[in-house]
Amino acid sequence: MSDIAPVIPLDAARELITRYKTRLKSGGEALRVSYESRPLTDPLLKGRSHLVDGVLRELWKDFDLPASAALVAVGGYGREELFPCSDVDLLFLLADQPDEDLSERLTQMIGLIWDIGLDIGHSVRTAEECLEEAALDVTVMTNLLEARFLCGNAPLFGHVVTSLRSQINPGQFFKAKRLEQEQRYTRHNETPYSLEPNCKESPGGLRDLQVIGWISRAAGFGTHWRDLAKHQLITDEEATELRELERFLQHVRIRLHHMTGRREDRVLFDHQEKLARKFGYAPTEARRASEVFMQEYYRTAKKVTQLNTILLLNFGVEFFPNRYPAAININERFQCVREMLDVRDEGVFDRHPSALLECFLLLEQRSELKGMTARTLRALWRGRKLINAEFRQNPANRALFLRILQQKRGVVHELRRMNQYGILSFYLPAWRRIVGQMQHDLFHVYTVDQHILQVVRNVRRLMVAEHAHEYPLLTRLCTGFEKPWLIYIAALFHDIAKGRGGDHSRLGMKDARDFCESHGLEEADTDLVEWLVGNHLSMSNVAQKQDLSDLEVIRRFASVAKTERQLTALYILTHSDIRGTSPKVWNGWKGKLLEDLFFATQRLLRGATPQQALGTPIRQDDARNLLRYYGLRPATEDALWDQLDTVYFLRHDAEEIAWHARTLYYRVNAEEPVVKARLSQVSEGLQVMVYMKDQKDLFVRLCGFFSRLGFSIADAKIHTTRHGYALDSFVLLDPGQEVHYRDFINLLEHDLTERLHSNAPTDQPASGRVSREVRHFPITPEVNIRPDERGLHYIMSVTAADRPGLLFGVAETLVEYGINLHTAKIATLGERVEDTFLISGPSLSQDAQVLKIESDLLEKLTV
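Written out as C-alpha cells, the structure reads:
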C-alpha cells in the first residue's frame, strides 16, 4: 500500500459518497418520472448525461486534480446518449506520465466514482498514448471520435482531437467497422429475427445505427442523419425514417433498463409482455400483445438492416471511387458497377416488372457479382408493390421463380434477400402472414419465416461438396436425388400455415399444391411436395417417440412413406427441419435415431424380411467382425449372447453389441457390478454400461446417481438377461455443455461401482431451477398407460417440461408400485420431455391402481 495519505479524509469521503449517491438517485428518478409522463428519448438520454457531468465535474474539483490533466467523456456517454443503467465511459487524459501523487489521486477518485453508484469503464492515458493506441486499435479510435470534454485542460483535449482528425484514414476506418459488423452478425446468427433479440447488438439493433454514425464522424460527414442526406448518401425521407427507427430502439432499451434496474439489452420473453403494455399494444383475438409488439420490433430491425446496407454501400463508393473500371452492361436492364448488380436506370422495374425476379437470378448465375448497388436496393424496395395478381399469374415470372430455386449457387442468399426486401411476401401472399411471426414453443429460437429459410439453408448445405464431411450420408442422398429443388419448395411451405389455427401441416398442403400446379410442375413432383408438407413431422415423431426395434412401428411408417423416393426426401427435410429450430434441440443422438429409422424403412420397402428390415442378422455379423478385429477368437461372444434375446439385438447397434461382448465375455456370471463408460460413438456425451444381478430399484438408483453428477439422460436401454442380470445402457449429456467428458470417465466408473457394490441409499437428484422458457411456455404434464397389442406389457408415455430430477421421479414411482421396467426411450426436445417406457407388473391390470399411478406421476411432473 502507498504511504501517501488519502487526498480526502475518510469522514469527508463518506459525506461525499452520500451526497453524490443521493443526487444521482434523485436525479435519475426525476428523469424517469418525466419520461413516464411524456416518453421522449432525447431529454432522458441527454438529461442523464448532464446529471453525471455535474457530479463528475464537482468530484474533479474535490480531488484538486492538476490543471495539466483533463476528464473526457467517451463512447455513448461522449455522444450524450447515456441510458438509465448504461456504464459511464471515461478517459483521464494526461500531459505526461503521472507521478505517485497523481496516481494516488486518480485511484482514489475512480474508487469513489464506483462508490457513488456509477458503473464506469475508464482508461488513464497520456495524449501521446491516445494517438498511438488509436492508430493501432479501431476501438480506441472509435471511442476518441465521440470524445466530449468535461473539465480540466481544454487545450490538451483539443490537441488530441485535432491530431486524431489528421491521422484518421476514413477508408481504412470504414473497412475495420464493416468487418466488426460482420463478426457481430456472425455472433448473432446473421439474423435480427431471434425470438429474444438484443436491441443493441443484434442485426437491426442500435449498434447498426451507431456504426453508420462512427463512419460518418470519421469521414467528416457530420453527426446527424440529416447531415448524411446533405451529402446525398441517403434521401431526406430515409433520414427521417432513420431517426424514427432510432427512437423506437432507444425506447425499447430505456424501458428494458427501467423495468430490470440493470443494463439489460436482451428482449427476453420475461420482458416482452411488459414492454408491449408500455408501448400501448393490446392483445387481439389471435395474438398476444407481446406478439404484436415483437412484430413491430422485427419490422424496425428489418428497415434498420436495409438502410445500414444502403449506407455502407454508399460509403464504399465515396471512399473508393476509382477502384473499379467503368460499368459493364449485362443486358438492357442491368449492368455491373464495382462488382455489384446495378439497374441501368431507376425506372427499370416500372417498365419491366419481371426484372424484380430477374435480378436475383443474375446474382446466382454470375459469380463476379457481390451484391446489389444502393440504388438497385432502393428501386427494388419501391418496386415490390408491382408484384400483384397479374404479375404472379404471368408464366414468365413463374418460370423465373422456379429457375431461382434450381440454380447451383446462391439459392439461400437470394431467398434471404428476397425476404429482406419484401419480394417473397408479395410473390407468395401466404408468406406475408409469417414474416416476423413469433413461435411460442420450447423448440424454436427464430420467427417462422427465418426458421423456414434456415431449413432451406440446411437442405442446400447438404448439396455442397465442401460440407460433405458434416453429414456424409445425407449429402450422398441429396446429391443423388433427381430434383433436389423440390425439397426447397417443400421446405418453403412446410410451416407456411402456422398461426392460422388448425393443423398447419394440412393447411400448408393446399398452399403447396396450388403453388406447384400454378408453376407447371409434373403431377408426380406436385404429389411429392404436397406429401412432404403434410407429413413433415411424421418421421421425427416416430424416430423420437416410438420403439424402432418394433417391426410394427417400422411397418406403419413404411406404409406412410410408400416409396423410397418419398422416404429419402422426407429424411432430408426432417433432418434439416430439426436442425433449423434451435442449436439446443439438435444432437447426434437424434441424428442416429433418424438414420436407424431411414435404413430400417428402406430395407422393408426394398422387400427385406422382417428380421432383415430390422437389421438383426446384419448387426450380429457386423459385431462378430468387430470382435475378430479386436482379436477375440470365434465363439468367444457365445457365453454372453446365449443369455440375450432377439430384443437385445434389435435395440443395440453392432458397435454397442461388440463393446458389451468385449467387456463381459469373461464376466457373464460376475458377482460384482461391472460399470464401463466411454465417449459416445454417435454424438457428444458419454455412454455408460451397467451389468449386475438385477434389482427392483436399480433404475431409480442409477437415475439418482447420474442426476446428482449433473448429467441428463438422453437415452436408456434397459435389458434383463435370461439368467437374471441387468444389462443397462445410458447416453449421458451435460445440459450446460461445460463438462470435459473424457475427464469424467474414470471418476464415474469408480464412484458408480462403489455405490452399487455398497447398497448405499439412493442418491437424491441435484436441485436446479426450471428454465425461463418453461416459465413462459408452460407445458401441462400428461401420463398415459395402455397395454401393448399382445397384452403382455404396458406402454407408459410421459410428456412434461424438462427439469432436474424428472426421470428420477418417474423411476421412483415405478418402484413404489412394484412395476418392472423393460425399456425406456428418452426424448428431450428443447425444454420438452416426451419419454416412453415399456413396463409390466400386477398392479397395471387394475384400473384403480393405474389411475393412482398416473395421478402420482402427474403430481411429480408438475413444475
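Following our numbering, the numbering of the sequence shown begins with 1265 at its first residue and continues without gaps.
Glycine included, every Cβ here is placed at the ideal spot set by N, Cα and C.
Determine, using beta carbons only, whether residue i and residue j come nearer to each other than 7 Å.
i       : j       : result
Met1523 : Met1702 : no
Arg1527 : Lys1542 : no
Ile1687 : Leu1625 : no
Asp1992 : Val1954 : yes
Asn2023 : Ser1947 : no
Gly1469 : Tyr1562 : no
Gly1844 : His1758 : no
Asp1609 : Gln1599 : no
Leu1288 : Glu1345 : no
Thr2063 : Glu2098 : yes
Gly1772 : Ile1753 : no
Asp1860 : Leu1812 : yes
Asp1379 : Ile1281 : yes
Val1709 : Ser1554 : no
Leu1409 : Arg1471 : no
Leu1295 : Arg1312 : yes
Ile2049 : Val2114 : yes
Relative to the alpha-carbon of residue i, which residue among the options has its alpha-carbon at the smallest distance?
i       : options                               : result
Cys1780 : Ser1947, Leu1666 and Glu1368          : Leu1666
Leu1577 : Ala1638, Asp2120 and Ser1480          : Ala1638
Pro2045 : Gln1945, Leu2070 and Tyr2058          : Leu2070
Ala1653 : Pro1617, Thr1900, Leu1492 and Thr1927 : Pro1617
Ala1825 : Leu1320, Gln1866 and Leu1812          : Gln1866
Leu1717 : Gly1375, Met1727 and Trp1695          : Trp1695
Ile1882 : Asp1909, Asp1917 and Leu1796          : Asp1917
Val1806 : Ala2075, Leu1858 and Leu1620          : Leu1858
Phe1643 : Asn2010, Gln1670, Arg1615 and Phe2072 : The displayed chain sequence assigns Ala, not Phe, to residue 1643. Ala1643 has its Cα closest to that of Arg1615, out of Asn2010, Gln1670, Arg1615 and Phe2072.
Asp2015 : Asp2111, Glu1730, Val1938 and Phe1963 : Val1938
Pro1348 : Glu1410, Leu1575, Thr1827 and Gln1514 : Gln1514
Leu1621 : Asp1775, Met1682, Val1601 and Lys1634 : Met1682
Phe1862 : Thr1873, Ala1877 and Val1849          : Ala1877
Gly1318 : Phe1613, Gly1291, Thr1985 and Ala1591 : Gly1291
Ser1466 : Thr1499, Gly1435 and Arg1517          : Arg1517
DSSP three-state label for residue i, please.
i       : result
Arg2131 : Not covered by the structure: residue 2131. The range shown for the chain is 1265 to 2127.
Ser1266 : Low confidence applies to Ser1266: its pLDDT is 48, below 50, so where it sits in the model is not reliable, and the reading given next is rough at best. Correct three-state label for Ser1266: coil.
Met2060 : strand
Met1636 : strand
Val1719 : helix
Gln1951 : strand
Pro1461 : coil
Ile1518 : helix
Tyr1989 : strand
Val2114 : helix
Gln1599 : strand
Ala1331 : coil
Asp1767 : coil
Thr1234 : Residue 1234 lies beyond the range of the chain shown here (1265 to 2127); nothing can be said about it.
Val1604 : Looking at the sequence itself, residue 1604 is Met, so the reference to Val does not match. Strand at Met1604.
Gly1385 : strand
Asp1998 : coil
Leu1357 : strand
Thr1564 : helix
Val1806 : helix
Thr1845 : coil
Leu2121 : helix
Tyr1835 : helix
Quick check: does the Cβ of residue i come within less than 6 Å of any heavy atom belonging to the ligand FMN?
i       : result
Thr1426 : Ligands displayed in this structure: none; no statement on the ligand FMN is therefore possible.
query: Would you call the region 1989–1999 and the region 2115–2122 touching, i.e. three or more CB-CB distances under 8 Å?
result: The region 1989–1999 is not in contact with the region 2115–2122.
query: In the region 1898–1922, which residue ranges form an unbroken alpha helix (DSSP H) of at least 4 residues, counting only runs that do not cross its ends?
result: Taken in chain order, the complete alpha helix (DSSP H) segments of 4 residues or longer contained in the region 1898–1922 are 1902–1905 and 1910–1915.
message: So, does the region 1641–1658 touch the region 1509–1519, judging by three or more C-beta pairs under 8 Å?
response: The region 1641–1658, when compared against the region 1509–1519, does not touch it at the 8 Å Cβ threshold.
task: Check whether the region 2095–2109 touches the region 2055–2069, taking contact to mean three or more Cβ pairs, one atom from each stretch, closer than 8 Å.
output: Yes, the region 2095–2109 is in contact with the region 2055–2069.
query: Are the region 1353–1364 and the region 1326–1337 in contact at 8 Å, needing three or more beta carbon pairs?
result: Judged by Cβ distances under 8 Å, the region 1353–1364 makes contact with the region 1326–1337, as three or more pairs qualify.
- request: Tell me, please, whether the region 1498–1508 touches the region 1421–1432 by the rule of three or more beta-carbon pairs shorter than 8 Å.
  value: Judged by Cβ distances under 8 Å, the region 1498–1508 makes no contact with the region 1421–1432, as fewer than three pairs qualify.
query: Which whole runs of the alpha helix (DSSP H) in the region 1408–1467 are 4 residues long or more, in chain order?
result: If we require 4 residues or more, the alpha helix (DSSP H) runs fully inside the region 1408–1467 come out as 1418–1431 and 1434–1451.
query: Is the region 1445–1452 in contact with the region 1483–1499, if contact means three or more CB pairs nearer than 8 Å?
result: Result no; under three Cβ-Cβ pairs closer than 8 Å.
field: Touching by the beta-carbon criterion (3+ pairs, under 8 Å), the region 1835–1844 and the region 1795–1805
entry: Counting Cβ pairs under 8 Å, three or more are found: they touch.
task: Quick one: which unbroken alpha helix (DSSP H) runs of 4-plus residues sit fully inside the region 1680–1705? Chain order, please.
output: Counting whole runs of 4 or more residues, the region 1680–1705 contains the alpha helix (DSSP H) stretches 1687–1691 and 1693–1696.
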